[in-house]
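Asks: Before I ask anything, here is the structure I am working with.
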């Protein structure tokens, strides 16, 4: 069986209306995790593939990807799978075929540039290698460099410069070669 | 200054407990969580939640820089460390001081003085508080010489430890070298300090501790004592206050000794001075001071009517001691059971997992401190405490009857628990008489082989 964007949207609605907080689904190499978070009850989701997608599944994922690449919790609304946060499903469907989340390895203050006034390490569109420095996170005056961890092109930079980021918060997204 | 927002650097039932007092005081809460606790009940209760690191404690709940950074960024005025984790590490108050954050607890210097168990022994002796015969064991020769002066059996303890961790009992002098090595290795791994010391083992002792509050300027009061003799491998299971059957003069001496010790340190905040009471000789010895709020603090709250977390906050806020010794009244009796997620069939190993359903008791005189609700996850990374069930009564018999009813009315499914142990302990004639020593749990298991077999485990599971 295959999973289309419409299927995902329906699953998200079902979870939204259910009493469950979390759903883990694995079909045809697609792993779907839906988690209800926060008081608003919005469902966030995370989708990864374990292997190359079947054509049909890829089509579904691509449709969902249109929603996702570029959404963060509560900011942008999707077209297919849901509309804005605040009751309806929204937020990051990472299309893992070629989109990767770069999560913060620690809590601290997020800096895009090596020092005030300098050019940022990366901009949207910047190519990165696994060991490219993409940001600094300062913890009690200690500067920690953050590396991309993936090879690809930065498609999105999420936190504002010089703001607190939590452990695990998505800092950037990158498009990698499929 | 006035503390308006507190960052809580802890998890589990104590996080929920601190949030409860903050709500009553109209203080905002920021809960620092690890990735494993994001969806927990305390995270739901706190005003704000910040994820400080991964599930592993070393990178989250023990990560002082991340915690203080989070407190500053979230504009918290103060940090409450709870118990365990960073609560007795001098690094946290030191870092708080550099960041302009109030640490709700003693000074870094007081934590260092009580944390170094050899130094604490010296302070106790200087305050005319009796210490258990023993001393430093910095070398094998020193340990051997000391061991020959003391009578067997002995205890090998960690200088940087406490709470029973790293403790070894030596029955024969020829076992000493191997146990010294083992204890030093464990102490080094657990506390980052491999130093050990020796103490005489006190047979048939009772573990009695005195709750104190200090203003940091030399004034100290006590809030009575708790008896924590029901222990399994040095882990407390049942605590009660007042200590049953203690001669009045001995009780008074214990309380005064605790106050003298804390006064000597100019202790600030809430602390507990632990003693081993030798019931045969009607004498007592200083064990250690815990420079933090303790798991079993609700026992004291139940018999005094005082909110210890609120007093901790008031003292940290510079309001000093709001209570006078003469105003402290011990009323009735309180007994507490620690309900742990552990498997009686598997040597009481922690039983992490998801709690399918849970029903906590209630009613007159019953208090339950917990973070566990139906669907809660008990992560494998932390301790297995699920709840503390506390019963108060006008006398010990009344408290015991209420507690037995409460334990019988508790239902937990999805994980194993020690509810069966508690039911058996509370109905045991020796416990009902009161004043048991630390050998009680071992004797109880001898009398009740059913406690560790399959049938009991199923009953507790249901």
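Residue numbers (the working numbering), protein chains in the order written: chain G, 2 to 179; chain B, 676 to 1137. Note that CB positions come from ideal geometry on N, CA and C, so glycine has one too.
#1: Determine the direct distance from the alpha carbon of residue 687/B to that of residue 779/B, and round the result to whole angstroms.
#2: Tell me the start and end of each unbroken beta strand (DSSP E) in the region 710-793 of chain B that is at least 3 residues and wholly inside, in chain order.
#3: Taking residue 1004/B as the reference, give the member of 1018/B, 896/B, 1100/B with the closest Cα.
#4: Identify every run of the alpha helix (DSSP H) within the region 955-1042 of chain B, keeping only runs that are complete inside it and at least 4 residues long; order them along the chain.
#5: Give me the Cα-Cα distance between residue 1071/B and residue 1009/B, rounded to the nearest whole angstrom.
#6: In chain order, what residues of the same chain lie with their CB nearer than 6 Å to the CB of residue 843/B, ignoring the 5 residues before and after it?
#7: Mind reading off the beta-carbon distance from residue 710/B to residue 168/G? Whole number of angstroms is fine, and I expect it under 8 Å.
#8: For residue 905/B, which option in 874/B, 982/B, 1114/B has the closest C-alpha, if you only look at C-alpha atoms?
#9: Is the region 886-900 of chain B close to the region 866-878 of chain B, with three or more CB pairs under 8 Å?
#10: Are the C-beta of residue 816/B and some C-beta of chain G separated by less than 8 Å?
#11: Closer than 8 Å, Cβ to Cβ, to anything on chain B: give me those residues from the region 98-125 of chain G, in chain order.
#12: How would you list, in chain order, the residues of chain B whose beta-carbon sits under 9 Å from the beta-carbon of residue 141/G?
#13: Does the region 1021-1029 of chain B come close enough to the region 1051-1060 of chain B to have 3 or more Cβ pairs within less than 8 Å?
#14: Report all residues from its chain with a CB closer than 8 Å to the CB of residue 151/G; omit the five preceding and five following residues, and keep chain order.
#15: With 16 as the cutoff for other CB atoms within 10 Å, does residue 1118/B come out buried or exposed?
#16: If you run the structure through DSSP and keep just helix, strand and coil, what is residue 700/B?
#17: Would residue 727/B pass as an interface residue toward chain G - the criterion being a Cβ-Cβ separation below 8 Å?
#18: Sort out for me which residues DSSP pairs residue 1062/B with in a bridge.
#19: Under 7 Å between beta-carbons, which chain B residues line up against residue 165/G? List them in chain order, please.
#20: Is the CB of residue 153/G under 8 Å away from at least one CB in chain B?
#21: Determine, using beta carbons only, whether residue 135/G and residue 154/G come nearer to each other than 8 Å.
#22: How far does the beta strand (DSSP E) with residue 158/G in it reach, from first residue to last?
#23: What do you reckon, are the CB atoms on residue 977/B and residue 1065/B nearer than 8 Å?
#24: Helix or strand or just coil, what does DSSP make of residue 906/B?
#25: Using the C-alpha atoms, what's the distance from residue 794/B back to residue 920/B?
#26: Expressed to the nearest angstrom, what Euclidean distance is found between the alpha-carbon atoms of residue 926/B and residue 1074/B?
#27: Using 8 Å for Cβ pairs, my map puts residue 164/G next to residue 138/G. What's the rounded Cβ distance?
#28: From this set, 819/B, 799/B, 770/B, which residue's C-alpha is nearest residue 827/B's C-alpha?
#29: Can you tell me the Cα-Cα spacing of residue 56/G and residue 729/B, whole angstroms?
#30: Suppose contacts are defined by Cβ-Cβ distances below 8 Å. Is residue 1098/B in contact with residue 1087/B by that definition?
#31: Compare the Cα-Cα distances from residue 113/G to each of 161/G, 171/G, 170/G and report the closest residue.
#32: In whole angstroms, what is the alpha-carbon distance linking residue 975/B and residue 869/B?
#33: At a Cβ threshold of 8 Å, is residue 150/G touching chain B?
#34: Would you tell me roughly how many angstroms separate the C-alpha atoms of residue 1127/B and residue 1103/B, rounded to the nearest one?
#35: Alpha carbons only, please: which of 756/B, 1047/B, 717/B is nearest the one belonging to residue 966/B?
Replies: Looking at the coordinates:
#1: Taking the second chain and counting its residues from 1, one reaches residue 779/B at position 104. Taking the second chain and counting its residues from 1, one reaches residue 687/B at position 12. If I take the Cα positions, the gap works out to 18 Å.
#2: 723-728, 753-755
#3: Numbered from its first residue, the second chain carries residue 1004/B at position 329. The shortest Cα separation from residue 1004/B among 1018/B, 896/B, 1100/B belongs to 896/B.
#4: 972-979, 983-991
#5: Numbered from its first residue, the second chain carries residue 1071/B at position 396. Numbered from its first residue, the second chain carries residue 1009/B at position 334. Their backbone Cα atoms lie some 7 Å apart in a straight line.
#6: Here the question's residue 843/B lines up with position 168 in the second chain. Once the five neighbours on either side are set aside, the close Cβ partners of residue 843/B are 831, 854, 858.
#7: Position 35 of the second chain, counted from the start, is the residue given in the question as residue 710/B. Position 167 of the first chain, counted from the start, is the residue given in the question as residue 168/G. Indeed, because the Cβ distance is near 6 Å, the residues count as touching under 8 Å.
#8: Residue numbering aside, residue 905/B sits at position 230 when the second chain is read from its first letter. Of 874/B, 982/B, 1114/B, the residue nearest in Cα terms is 1114/B.
#9: no
#10: Here the question's residue 816/B lines up with position 141 in the second chain. It does not; no Cβ of chain G falls within 8 Å.
#11: 107, 108, 109, 110
#12: As a position in the first chain, residue 141/G is number 140, starting the count at 1. Residues of chain B passing the Cβ test: 739, 740, 741, 743, 744, 747, 770, 773, 774.
#13: yes
#14: Sequence index remark: in the first chain, residue 151/G carries index 150 (1-based). So the qualifying residues of the chain are 101, 103, 129, 131, 175, 177.
#15: Counting from 1 along the second chain, the entry for residue 1118/B is found at position 443. Sixteen is the threshold: since fewer than 16 other Cβ atoms of the shown chains lie within 10 Å of the Cβ of residue 1118/B, the residue is exposed.
#16: On the second chain, position 25 is the one that residue 700/B refers to. Three-state DSSP puts residue 700/B in coil, outside helix and strand.
#17: Position 52 of the second chain, counting from 1, holds the residue named residue 727/B. Yes, residue 727/B lies at the interface with chain G (some Cβ there is under 8 Å from its Cβ).
#18: As a position in the second chain, residue 1062/B is number 387, starting the count at 1. For residue 1062/B, which the question treats as bridged, DSSP gives the partners 1014/B, 1045/B.
#19: Sequence index remark: in the first chain, residue 165/G carries index 164 (1-based). What residue 165/G touches in chain B: 748.
#20: Numbered from its first residue, the first chain carries residue 153/G at position 152. False, the Cβ-Cβ gap to chain B never drops below 8 Å.
#21: The residue you call residue 135/G lines up with position 134 of the first chain. The residue you call residue 154/G lines up with position 153 of the first chain. Judged by their CB atoms, residue 135/G and residue 154/G are not nearer to each other than the 8 Å cut-off.
#22: In the first chain, counting from the first residue as 1, residue 158/G sits at position 157. Note, residue 158/G: beta strand (DSSP E), 153-158.
#23: Position 302 of the second chain, counting from 1, holds the residue named residue 977/B. Position 390 of the second chain, counting from 1, holds the residue named residue 1065/B. A contact, by the Cβ cut-off of 8 Å.
#24: The sequence position of residue 906/B within the second chain is 231, counting from 1. Here residue 906/B sits in strand by DSSP.
#25: Translated into the one-based positions of the second chain, residue 920/B becomes position 245. Translated into the one-based positions of the second chain, residue 794/B becomes position 119. For residue 920/B and residue 794/B, the distance between alpha carbons rounds to 32 Å.
#26: Residue mapping note: residue 926/B aligns to position 251 of the second chain, counting from 1. Residue mapping note: residue 1074/B aligns to position 399 of the second chain, counting from 1. Roughly 21 Å between the two C-alpha positions.
#27: Position 163 of the first chain, counted from the first residue, corresponds to residue 164/G. Position 137 of the first chain, counted from the first residue, corresponds to residue 138/G. Wrong, their Cβ atoms sit about 11 Å apart, outside the cutoff.
#28: By 1-based counting over the second chain, the position of residue 827/B is 152. Residue 819/B holds the alpha-carbon nearest to the alpha-carbon of residue 827/B among 819/B, 799/B, 770/B.
#29: Position 55 of the first chain, counted from the first residue, corresponds to residue 56/G. Position 54 of the second chain, counted from the first residue, corresponds to residue 729/B. Residue confidence is low: residue 56/G scores 36 on pLDDT, short of 50, so the model does not pin down where it sits. Its coordinate-derived value is still stated next. Each residue's alpha carbon lies about 36 Å from the other.
#30: Numbered from its first residue, the second chain carries residue 1098/B at position 423. Numbered from its first residue, the second chain carries residue 1087/B at position 412. No; because the gap between Cβ atoms is not below 8 Å, this pair is not in contact.
#31: Stepping through the first chain from its first residue, residue 113/G is reached at position 112. Looking at the Cα atoms, 161/G is the closest of the given residues.
#32: Counted from its first residue, the second chain places residue 975/B at position 300. Counted from its first residue, the second chain places residue 869/B at position 194. One C-alpha to the other measures close to 34 Å.
#33: Here residue 150/G corresponds to residue number 149 of the first chain, with the count starting at 1. For residue 150/G, the answer is no, since every Cβ of chain B falls outside 8 Å of its Cβ.
#34: Walking along the second chain from the start, residue 1127/B turns up at place 452. Walking along the second chain from the start, residue 1103/B turns up at place 428. Straight-line Cα distance between these residues: approximately 16 Å.
#35: If you number the second chain from 1, residue 966/B lands on position 291. That would be 756/B, whose Cα lies nearest to the Cα of residue 966/B.
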